[in-house]
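> Those protein sequence lines, which keep their order, are chains A and B.
Using full-length UniProt numbering, you'd call the opening residue of the first sequence number 1 and step up by one each time.
Using full-length UniProt numbering, you'd call the opening residue of the second sequence number 1 and step up by one each time.
C-beta atoms are modelled at their ideal positions from N, C-alpha and C, and glycine is treated no differently.
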Amino acid sequence: MVIAERLEQAEARFAGGAFAKGTISRDGILDHMEASEMHSNSSEGEESEPLPRSLREKPAKSDRTDKKYVKNDKRTKAKNGDQSLDAKKKTKEPDEISKRVLSRSEKYQRGFKPQKDEEPGKVRSKKSQPKLDHARKRREAAIVDAARSEVLLAESAGFLEAEGMERTYRFTQKQLAENLDISSAGKIFDLKLNEFGPYVLDYTANGKYMLVGGRKGHLATMDWRSGKLGCEFHVRETIRDVSWLHNEGLFAVAQKKFAYIYDSTGAEVHCLQKHVEPTKLGFLPYHFLLASTGMTGSLVYQDVTEGKVAGEHRPGYGQCHVLKVNPYNAVVHMGHGNGTVTMWSPKQSQPLAKMLCHKGPVQAMAIDHSGTYMATSGLDGRLKVWDIRNFKSLHEYITMRPAQSIDISQRGLLAAGWGPNVSVWKDALATQVYEPYMKRLLPSTTISDLHFVPYDDVLGYAHSNGISSIVVPGAGEPNFDAYVANPYQTKKQRQEQEVKGLLDKLAPETIQLDPNFIGKLDPRTQTQLAREQLERERAAYLQNKAEGKYLDNEVKNKMKGRNSTAKRYARKRQSNVMDLKKLQEMERMERELQEKEAKRRKVPEEEKGALNKFYTEKRQTR
Amino acid sequence: MKVKALSRSTAEYTRETKSDIQRMPRNVNPELHPLERAREYKRALNSAKLERMFAKPFIASLSGHIDGIYAMSKNPWDLDSIVTGSGDGELRMWSLSSQQTIWRAPEAHRGIVKGVCSVPGGSSDRFLSVGTDRLAKVWSRSESAIAADGVTPETVATYTGKHAFNGIDHHRTRPLFATCSSLIEVWDVDRSEPIANLSWGADTINAVRMNQTEVNVLASCGTDRSIILYDLRTSSPLSKLVMTLSTNAIAWNPMEAFMFATANEDHNVYIFDMRRMDHAVNVLRNHVSAVMDVDYSPTGQELVSGSYDRTIRLWDVNRAQSRDIYHTKRMQRVFCVKYTQDNNYVLSGSDDSNLRLWRARASERMGAKSNRQRASVEYAEKLKDRYKFVPEVQKVLRQRNIPASVKKASQTKQIMLQSRKRKEENERKHAKSEAKPRVPERRKAILGVTSR
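#1: Pull the bridge partners of residue 301 (chain A) from the DSSP assignment, please.
#2: Taking only runs of the alpha helix (DSSP H) that begin and end inside the segment 163-214 of chain A, which ones reach a length of at least 4 residues, in chain order?
#3: Is residue 210 (chain A) closer than 8 Å to residue 460 (chain A) when the C-beta atoms are compared?
#4: Does the beta carbon of residue 479 (chain A) come closer than 8 Å to any beta carbon on chain B?
#5: Which residues share a DSSP beta bridge with residue 384 (chain A)?
#6: Taking one C-beta from the segment 325-332 of chain A and one from the segment 486-493 of chain A each time, how about it: are there three or more such pairs within less than 8 Å?
#7: Report the rounded CA-to-CA distance for residue 412 (chain B) versus residue 203 (chain B), giving the unit in angstroms.
#8: So residue 130 (chain A) is in the alpha helix (DSSP H); what residue range does that whole segment cover?
#9: Is the distance from the Cβ of residue 440 (chain A) to the Cβ of residue 470 (chain A) below 8 Å?
#10: Using a cut-off of 9 Å between C-beta atoms, extract the partners of residue 171 (chain A) located in chain B.
#11: Report the residue from A:227, A:437, A:214 whose alpha carbon sits nearest the alpha carbon of residue 239 (chain A).
#12: Against chain B, does residue 184 (chain A) count as a neighbour if the rule is that its beta carbon must be under 8 Å from one of theirs?
#13: What residues from chain A crowd round residue 7 (chain B), counting only those whose CB sits closer than 7 Å?
#14: Going along chain A, which residues have a C-beta under 8 Å from residue 106 (chain B)?
#15: In three-state DSSP terms, what is residue 319 (chain B)?
#16: Strictly below 7 Å CB to CB, what residues from chain A border residue 31 (chain B)?
#17: Smallest Cα separation from residue 303 (chain A): which of A:257, A:337, A:277, A:347?
#18: Sort out for me which residues DSSP pairs residue 234 (chain A) with in a bridge.
#19: Using a C-beta cutoff of 8 Å, does residue 476 (chain A) count as contacting chain B?
#20: Take the Cβ of residue 24 (chain B) as the centre, count every other Cβ of all protein chains shown within 10 Å, and call the residue buried at 16 or more, exposed below.
#21: Does residue 484 (chain A) get closer than 8 Å to chain B when you measure Cβ to Cβ?
#22: Indicate the three-state DSSP secondary structure (helix, strand or coil) for residue 399 (chain B) in the structure shown.
#23: Can residue 95 (chain B) and residue 73 (chain B) be called in contact, C-beta distance under 8 Å?
#24: Going along the chain, which unbroken runs of the beta strand (DSSP E) with 3 or more residues stay wholly within the segment 393-452 of chain A?
#25: From residue 12 (chain B) to residue 493 (chain A), what does the alpha carbon distance come to, in whole angstroms?
#26: What residue range is occupied by the uninterrupted alpha helix (DSSP H) comprising residue 377 (chain B)?
#27: For residue 462 (chain A) and residue 307 (chain A), I'd like the C-alpha separation in whole angstroms.
#28: Report buried or exposed for residue 604 (chain A), applying the criterion of at least 16 other Cβ atoms within 10 angstroms of its Cβ.
#29: What are the residues that DSSP puts in a beta bridge with residue 101 (chain B)?
#30: Select from B:182, B:190, B:163, B:162 the residue whose C-alpha is nearest the C-alpha of residue 175 (chain B).
#31: If you draw a straight line from the alpha carbon of residue 33 (chain B) to that of residue 369 (chain A), how long is it in whole angstroms?
#32: How long is the line joining the alpha carbons of residue 263 (chain A) and residue 526 (chain A), rounded to whole angstroms?
#33: Around the C-beta of residue 123 (chain A), are 16 or more other C-beta atoms found within 10 angstroms, so that it is buried, or is it exposed?
#34: Run down chain A in chain order and give the residues with a C-beta less than 7 Å from the C-beta of residue 387 (chain B).
#35: Between the segment 354-365 of chain A and the segment 325-345 of chain A, do three or more beta carbon pairs fall short of 8 Å?
#36: Look at the alpha carbon of residue 195 (chain A) and the alpha carbon of residue 243 (chain A), and state the distance between them as a whole number of angstroms.
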């Protein structure tokens with residue numbers, strides 16, 4: 001098998017590295033960490049409690065003592081009592097610290113604003129106010145606990161720092177490999193696969209397995225760290241995209257005519273005929289939906305557990321080659337040939353949002369994990385960063401050639417593949433940067449696809465001559481949550497996670513731009529809602545009227561028939577029983593008829609003319 | 001160049017031997033947990049569904065009595081035993097763990113056994129019973145051994161009253177008991193005549209209950225629609241409350257000595273504060289027929305009530321709607337209910353001569369739980385509590401299959417109440433503003449309160 005051989009070669013190349021190198025660099029890291037800790041301690045010398053690293057970096061905003069908070073935080077105080085006893089010097093109360101933790105732990109607040117001062121209750125009910133207060137206190141305590149739990153995180157993120165005249169983007173992978181520990185250096189490899197390229201690739205959510213697909217039909221899965229091949233086979237038709245499903249047990253492939261699902265042994269499990277000529281695949285892990293777009297330009301969602309099509313949309317912009325799933329809210333973003341990006345939910349036939357991003361076809365797209373930033377590249381040569389909370393453009397980067405593929409890492413590194421080049425920018429989303437963090441050139445190739453490996457400092461990219469993997473320090477999240485994605489997952493754990501995942505499978509309806517809309521209270525009362533509805537209708541009517549959309553008779557529904565309430569009443573009560581009311585009604589109708597007749601102009605004899613003999617006086621009585 | 005890339009050592013994240021536990025590192029960073037609200041909601045919905053799936057409240061029906069069960073008593077010092085008295089004068093003691101009769105007195109009374117109560121104190125297993133034969137008898141399982149099956153054992157003591165008794169209750173600390181007939185008589189166990197007669201103009205007293213915490217207070221309810229509180233120290237009444245319909249039973253809150261619940265003929269259970277009886281603290285309104293008996297859970301937070309509509313309802317004392325409803329096809333009019341002292345079970349005695357044992361929380365299972373199991377149950381409870389106001393979850397949690405007759409009756413009752421309300425509103429519209437003031441539901445059933 002082709003890949004197995006290549007992997008062996010790659011391994012052999014790095015097997016010679018000395019362990020000593022690894023230990024040296026590790027010691028260096030330890031030194032660095034200690035230094036940084038010393039530094040942070042000196043800046044906040046009075047603090048007795050060891051704080052999470054990320055919190056220590058910022059200076060304290062307020063040092064005022066809050067009496068209320070002392071009262072609030074008895075619980076945490078009691079809980080952390082033994083910890084604080086251990087501390088060498090105690091100059092501040094623990095609650096003061098947790099207050100500070102609370103004010104700075106924005107990450108864990110989820111939009112919740114801790115109460116500033118002793119505010120009077122806003123709720124009128126005496127019964128509800130204490131409950132709300134209690135809930136607020138619980139929430140504050142939870143935020144503090146979450147922030148404090150950061151000290152338990154075992155790993156710290158990778159980094160690459162230049163010294164003196166050095167520039168980080170000048171470092172080659174070879175130089176990096178010399179300075180890295182053996183296991184990290186082993187992650188740099190190139191697989192030469194020049195027969196069936198260009199390739200596309202995908203990693204599982206825990207970053208352990210890689211799936212590669214060659215344009216000309218070559219498919220392989222592997223545990224890329226150990227170089228163990230899962231399956232490898234040839235489908236003998238075009239492969240346009242590949243995607244893992246919820247775990248390494250199944251994967252989907254966009255082939256020439258349809259999408260197919262294969263299992264880990266490479267056996268074909270399903271042929272998804274609803275996906276016609278697919279070009280891009282996306283998987284929504286919490287909804288178990290496989291989304292695809294294709295030559296027809298339509299977006300198809302298929303539930304991979306039941307097999308039902310959960311939604312099918314036709315954006316109407318022609319064939320589409322760009323599709324990405326927003327990991328924050330599971331909205332599918334599509335990039336179109338006219339430069340627009342549309343965002344879709346399976347159950348809504350209209351896009352949730354449309355953005356005009358480029359003056360030319362959209363080439364690639366990437367969305368960051370917090371759901372805040374989107375990066376797009378277009379044939380106009382721009383690489384733009386957007387804030388997708390308010391659909392505003394933030395910055396633009398120019399690549400020499402239009403970027404063919406972009407990705408954003410877990411820690412916010414932006415990578416773009418343009419022509420034979422791969423560029424990685426650091427801090428490029430929130431701020432504009434002017435030079436890349438890292439770059440690499442692979443002469444005489446074209447980058448076709450690139451992906452950061454989750455929970456690792458590795459960028460994998462596919463090109464016309466095979467697959468390459470480079471180390472990008474600081475790309476991956478150092479601390480994984482074993483209940484979300486575990487690179488060291490055992491078979492038992494995988495099975496359990498699969499079952500749990502299926503139990504928690506979300507309905508397609510829950511996909512919205514704001515994923516937290518569920519369980520939120522609509523504070524409007526029923527009367528308010530009714531009034532708003534009425535006002536909307538009235539406004540629409542007035543506007544239509546102002547635009548002259550109504551003719552008078554259109555507004556007033558003036559029927560010309562002979563129907564009247566009285567007649568309907570009489571007709572309804574047609575029975576042999578003649579009661580007084582009915583008689584009265586009939587009399588009244590008779591009288592009205594006669595009056596009406598009396599009002600009519602009598603037609604003189606001479607006006608009747610030749611058709612005289614057909615003219616009869618209207619029946620006068622009933 | 002300073003460089004460090006992530007490289008985890010496999011040894012730190014995997015277990016060494018099979019006997020070790022798996023390492024499961026956590027990271028609570030919200031970015032790693034997308035769609036958490038939606039997933040939590042889904043879990044809440046699932047746990048609500050599971051709760052309904054596992055809701056099997058009925059445990060056992062203990063048969064043996066020949067006539068309906070009209071009196072029941074639990075012993076606060078003994079979780080296992082329960083004493084019941086039936087319409088044919090038979091008394092039985094049941095063991096709840098073995099679900100069998102462990103003692104019986106076939107001809108304990110001539111006529112209906114109207115009341116039984118245990119003698120407090122862990123040392124004796126004595127209990128008292130009263131019947132329509134004007135006798136109050138003291139029994140003991142250990143002191144009067146059974147001669148043969150089917151033969152009534154000897155009583156420890158017998159007291160003769162002047163009228164047919166309706167109920168009995170024992171003092172918590174002193175050797176006193178109170179019986180009710182047309183008046184309330186307080187007996188000393190050592191004397192053959194009552195030591196005090198208490199009455200305040202009632203025809204017949206339905207029930208008498210001594211407060212088990214504030215031990216000198218006694219509550220009674222009569223057919224003249226009154227609820228009267230007496231003080232045993234002065235042998236005089238404290239206050240009298242008259243309601244629109246008469247009260248069938250009274251239960252004192254075991255945790256809050258001044259609160260008591262009453263089972264009323266008007267389908268409602270009223271909770272009163274004895275210090276301020278001009279309004280009910282809460283009105284529990286779901287039954288569709290007269291409530292026959294009511295009992296507090298030992299925590300004082302929950303109530304169980306049995307009704308003439310053949311159902312049992314469980315209540316949270318702070319809510320107006322019942323938490324759950326229990327019924328079976330064979331259960332007839334319920335005349336007595338009890339919450340067991342371990343807060344886990346509910347007992348009901350009904351017209352069909354069966355004593356029924358129910359779970360207090362329909363979907364809960366007894367038995368030892370592993371830590372993981374307990375954690376998962378607690379998590380599910382919390383989730384349900386958090387999402388109980390979301391319509392889908394609420395619908396699952398609320399839905400109950402109830403007998404057609406009860407459903408129909410509750411619909412009819414709803415229509416009647418609405419029409420009454422409408423009529424009242426119409427009258428109010430055509431009256432002077434002060435002529436028809438709105439009366440809160442908690443005061444509606446109260447005609448008056450007097451105190452001496």
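Reading off the structure:
#1: To locate residue 301 (chain A), count along the first sequence from 1; it is residue 301. Answer by DSSP bridge pairing, in chain order: A:291, A:311.
#2: 173-179, 182-185
#3: Within the first sequence, the letter at position 460 stands for residue 460 (chain A). Within the first sequence, the letter at position 210 stands for residue 210 (chain A). For residue 460 (chain A) and residue 210 (chain A), yes; Cβs fall inside 8 Å.
#4: Sequence index remark: in the first sequence, residue 479 (chain A) carries index 479 (1-based). It does; some Cβ of chain B falls within 8 Å.
#5: Residue 384 (chain A) sits at position 384 when you count from the first residue of the first sequence. A:376, A:396.
#6: no
#7: Position 412 of the second sequence holds residue 412 (chain B). Position 203 of the second sequence holds residue 203 (chain B). Distance between the alpha carbons of residue 412 (chain B) and residue 203 (chain B) is about 33 Å.
#8: Taking the first sequence and counting its residues from 1, the one referred to as residue 130 (chain A) is at position 130. Element bounds for residue 130 (chain A): 128-148.
#9: As a first step, residue 440 (chain A) is located in the first sequence; it is residue number 440 there, counting from the start. As a first step, residue 470 (chain A) is located in the first sequence; it is residue number 470 there, counting from the start. Result yes, Cβ atoms of residue 440 (chain A) and residue 470 (chain A) sit closer than 8 Å.
#10: Working through the first sequence from its first residue, we reach residue 171 (chain A) at position 171. Under the 9 Å cutoff, chain B gives 1, 3.
#11: Counting from one through the first sequence, the residue named residue 239 (chain A) turns up at place 239. Nearest option by C-alpha distance: A:214.
#12: Taking the first sequence and counting its residues from 1, the one referred to as residue 184 (chain A) is at position 184. Residue 184 (chain A) counts as touching chain B.
#13: Stepping through the second sequence from its first residue, residue 7 (chain B) is reached at position 7. Within chain A, the residues near residue 7 (chain B) are 181, 183, 184.
#14: Within the second sequence, numbered from 1, the residue matching residue 106 (chain B) stands at position 106. Ordered by position in chain A, no residue passes the 8 Å Cβ test against residue 106 (chain B), which lies about 53 Å from the chain.
#15: The residue given as residue 319 (chain B) occupies position 319 in the second sequence. Of the three classes helix, strand and coil, the one that applies to residue 319 (chain B) here is coil, per DSSP.
#16: Here residue 31 (chain B) is taken as the residue at index 31 of the second sequence, counted from 1. Within chain A, the residues near residue 31 (chain B) are 369, 370.
#17: The count along the first sequence starts at 1 and reaches residue 303 (chain A) at position 303. Cα-wise, what sits closest to residue 303 (chain A) is A:347.
#18: In the first sequence, counting from the first residue as 1, residue 234 (chain A) sits at position 234. Its beta-bridge partners are A:218.
#19: Counting from one through the first sequence, the residue named residue 476 (chain A) turns up at place 476. True, the Cβ-Cβ gap to chain B drops below 8 Å.
#20: Residue 24 (chain B) sits at position 24 when you count from the first residue of the second sequence. Residue 24 (chain B) is exposed by the Cβ-count criterion.
#21: Position 484 of the first sequence, counted from the first residue, corresponds to residue 484 (chain A). So yes, residue 484 (chain A) belongs to the interface.
#22: Here residue 399 (chain B) refers to the residue found at position 399 of the second sequence. Note: residue 399 (chain B) maps to coil in three-state DSSP.
#23: Here residue 95 (chain B) corresponds to residue number 95 of the second sequence, with the count starting at 1. Here residue 73 (chain B) corresponds to residue number 73 of the second sequence, with the count starting at 1. For residue 95 (chain B) and residue 73 (chain B), no; Cβs fall outside 8 Å.
#24: 405-408, 414-418, 421-425, 438-441, 447-452
#25: Here residue 12 (chain B) corresponds to residue number 12 of the second sequence, with the count starting at 1. Here residue 493 (chain A) corresponds to residue number 493 of the first sequence, with the count starting at 1. Approximately 17 Å between the Cα atoms of the pair.
#26: For the purposes of this step, residue 377 (chain B) is taken as residue 377 along the second sequence, with counting starting at 1. It spans 371-386 - the alpha helix (DSSP H) in which residue 377 (chain B) sits, taken as one unbroken run.
#27: Looking up residue 462 (chain A) in the first sequence gives position 462. Looking up residue 307 (chain A) in the first sequence gives position 307. Their Cα atoms are separated by approximately 31 Å.
#28: Mapped onto the first sequence, residue 604 (chain A) falls at position 604. The residue is exposed, with fewer than 16 neighbouring Cβ atoms inside 10 Å.
#29: The residue labelled residue 101 (chain B) in the question sits at position 101 within the second sequence. Answer by DSSP bridge pairing, in chain order: B:94.
#30: In the second sequence, the residue the question calls residue 175 (chain B) occupies position 175. Closest option to residue 175 (chain B), Cα to Cα, is B:190.
#31: In the second sequence, counting from the first residue as 1, residue 33 (chain B) sits at position 33. In the first sequence, counting from the first residue as 1, residue 369 (chain A) sits at position 369. Rounded to the nearest angstrom, the two C-alpha atoms are 10 Å apart.
#32: As a working mapping, residue 263 (chain A) is identified with position 263 in the first sequence. As a working mapping, residue 526 (chain A) is identified with position 526 in the first sequence. So the alpha carbons of these two residues sit roughly 52 Å apart.
#33: Locating residue 123 (chain A) in the first sequence gives position 123, counting from the first residue. Counting Cβ neighbours within 10 Å, residue 123 (chain A) comes out exposed, since fewer than 16 surround it.
#34: Here residue 387 (chain B) refers to the residue found at position 387 when the second sequence is read from its first residue. 519, listed in chain order.
#35: yes
#36: For this step, residue 195 (chain A) is matched to residue 195 along the first sequence. For this step, residue 243 (chain A) is matched to residue 243 along the first sequence. Taking the straight line from one Cα to the other gives about 21 Å.
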